[in-house]
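Working notes, beginning with the structure itself.
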Amino acid sequence: MFSQDLPTVLDIPVGVGPEQAEGIALFDGNGGDARSILVVYDAAKNRQRDERTVEADLFALAD
Numbered sequence: 001m002f003s004q005d006l007p008t009v010l011d012i013p014v015g016v017g018p019e020q021a022e023g024i025a026l027f028d029g030n031g032g033d034a035r036s037i038l039v040v041y042d043a044a045k046n047r048q049r050d051e052r053t054v055e056a057d058l059f060a061l062a063d
């Protein structure tokens with residue numbers, strides 16, 4: 001299968017510079033089959049809340 005044959009199922013926001021998706025993983029908070037995609041971002045130094053906080057989005061997958 002080639003990339004042009006794959007359907008687009010989700011558009012992930014892309015920032016300019018350091019603010020872009022850094023990690024993407026299938027996710028299920030209950031330990032079952034993953035029904036969501038967790039996207040974690042890197043933030044510019046002036047937008048970081050503190051050294052131990054990350055920002056993420058959770059996108060539900062369609063059935």
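Each residue of the sequence shown is one higher than the one before, counting from 1 in UniProt numbering.
The beta carbon of each residue, even a glycine, is placed where N, CA and C say it ideally should be.
Query                                                                                                           : Result
What runs of the beta strand (DSSP E), each 3 residues or longer, lie entirely inside the stretch 13-60?        : 21-27, 36-41 and 55-60
Where A60 and R35 are concerned, what is the direct C-alpha to C-alpha distance, given to the nearest angstrom? : 6 Å
Contact check, V9 vs G23 under 8 Å by CB: the rounded distance?                                                 : The Cβ separation is near 18 Å, so there is no contact.
L58 and F27 look like a contact to me (Cβ under 8 Å); what is the Cβ gap, rounded to whole Å?                   : 7 Å
What is the DSSP secondary structure of D5, counted as helix, strand or coil?                                   : helix
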